[in-house]
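Just so you know, we're using my numbering here: the sequence shown kicks off at 106 and counts up by one. Backbone N, C-alpha and C define an ideal beta-carbon position, used for all residues, glycine too. Notes follow the structure.
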Amino acid sequence: MRELRVFVTVVEQGSFRKAAAALHITQPAVTKAIASLEDLVGVRLFDRTSNGADLTVHGETFARHATNVFGELRSAARQLAVVSRGEYGSLRVGTVPMPALGELPVALSELVLAHPDVFVAITESPEQELIDLLRRRDLDVVFTRGMHAPRADDLRVEPLFDVWLCAFAGRHHPLASRPVVQWQEACRWPWMMPPPESAFRRAVVRILEGAGLALPEHIIEAASVHMQYKMVLQGSALSFGLRPATNGTGTTGDFLVRLPVDLPVVAGSVCAITLRQRTVTPLVERLVDHVRRAGAPV
C-alpha cells in the first residue's frame, strides 16, 4: 500500500521530487518505493526525464487501476467518518413488548429523524430471548427493565434512569379525571396483571408489600402485554406500569392516564445491555443517549 500511495502521488505530481515534497519524504525514498513496485509488477512504470517522470504504456494501464483503488479507499475513509459520527449504518434493537418501555419509540423517532440514512430493525420478545439473540450477535443492544436485567460476565448492563411504580387507567375511566385517588378506592376496581410467575408481577407484589400497601382485590390475568393494554384502554380495568419520575400525573399518548395515586416507590431502572467483548458502535451509543434523555425527569 505504501508503494501504491507513492506511485499515485508521482502520477499526480508529475515528478519524483514533487511527490517527495507532497509526501514529506526524501526523493531517494520515492525512487526506492517505485523501484520496489516495478519489481513487484515486473514492468517499468515510469520513464525518467529531465522534466520529471512520464508514464510508460504499462504505467498508464497500471495508473488507472491504482487511482481507482485509492479513490475507493478515500471513499471508504469518508464512509468510516460518517459511521463514526453515528449518521449511517444499521441498528438492531431488542426490547420487551411495547408499551412497557415507552421511552424507546420516542428515542428511535428522534434518531431516525436526525439521521434518515440509519436502518433500524426492532425485535420485541421476553428478556431471556432477547439476551440469547444478543449473544448470537443478532442484536446490537437490548433495552429492558433493570429488575429483569441478567447479571453475567459477558454482558455490559448500563442503568439509564430510574422508574417508579405507577397506576394507569384509560382516559375515560371514572377515576381518570379525579385530582386525587386514594389507594384503597383504586384497589376496589379490577386490575390487569400478568400471571403470578412473571417477574413483573412478583416485583409489583414485593413493592406494594414493602410499602405497606394492600394488593388489589380483583385481578384479571393476561400474559400478553398487548392484551393488558387493550383491556385498560377499552374496559374499566386499571393497570400497573413503570415510568420515569415526572412533574404531574401526565398521560401516555392520548389514551392512558397516570392516576394520582401515591406510590412513592422507585421500582428499579431502565437498562441498556450490550456484549462486553463486542465494540459498541456509535449508533448504539447515540440511541442509548436518546433513551437516557427521553427518560430524564422533566
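Check	Outcome
So who's on the other strand from I378, going by DSSP bridges?	V247 and V262
Could you compute how far the alpha carbon of L160 sits from the alpha carbon of D222?	42 Å
Among E322, T249 and A274, which has the Cα closest to the Cα of I236?	T249
Could you round the C-beta distance between F273 and V362 to whole angstroms and report it? I think they count as a contact, below 8 Å.	7 Å
By alpha-carbon positions, which one of N173, A226 and V111 ends up nearest to T200?	A226
How far does the alpha helix (DSSP H) with G400 in it reach, from first residue to last?	Run containing G400: none; DSSP gives neither H nor E here.
Is the separation between the beta-carbon of P295 and that of E326 shorter than 7 Å?	no
Find out if the Cβ-Cβ distance for the pair L238, L388 is shorter than 7 Å.	no
Are the CB atoms of V375 and F266 nearer to each other than 7 Å?	yes
Taking the alpha-carbon positions, what's the A168 to L128 distance?	18 Å
Considering just the uninterrupted stretch of the alpha helix (DSSP H) at H331, what are its terminal residues?	V330 to Q339
With DSSP as the reference, label A124 as helix, strand or coil.	helix
Since H163 contacts R149 with CB under 8 Å, what's their CB separation in whole angstroms?	7 Å
On the DSSP bridge assignment, give the partners of I325 in chain order.	M297
Nearest-angstrom Cα distance between P365 and V246?	34 Å
Under the three-state reduction of DSSP, which class applies to R276: helix, strand or coil?	coil
Which one or two residues does DSSP pair with I227 in a beta bridge?	V198
Pick helix, strand or coil for L364, following the three-state DSSP scheme.	coil
Which of helix, strand or coil does DSSP assign to R311?	helix
Can you check DSSP and say which residues form a bridge with A158?	R153
Let's see if you can read the secondary structure: which residues bound the alpha helix (DSSP H) around A134?	Q132 to V146
Tell me L213's beta-bridge partners as DSSP assigns them.	For L213, which the question treats as bridged, DSSP gives no partner whatsoever.
Grouping DSSP H, G and I as helix and E and B as strand, with all else coil, what is L343?	strand
What separation, rounded to the nearest whole angstrom, lies between the Cα atoms of A54 and H277?	Nothing in the structure corresponds to residue 54, since the chain is present only between 106 and 403.
By the DSSP assignment, the alpha helix (DSSP H) with D237 in it spans what residues?	E232 to R240
Look at the alpha carbon of I378 and the alpha carbon of E322, and state the distance between them as a whole number of angstroms.	36 Å
With a threshold of 7 Å on Cβ separation, who are the neighbours of R293 within its own chain once the five nearest residues in sequence on each side are excluded?	E322
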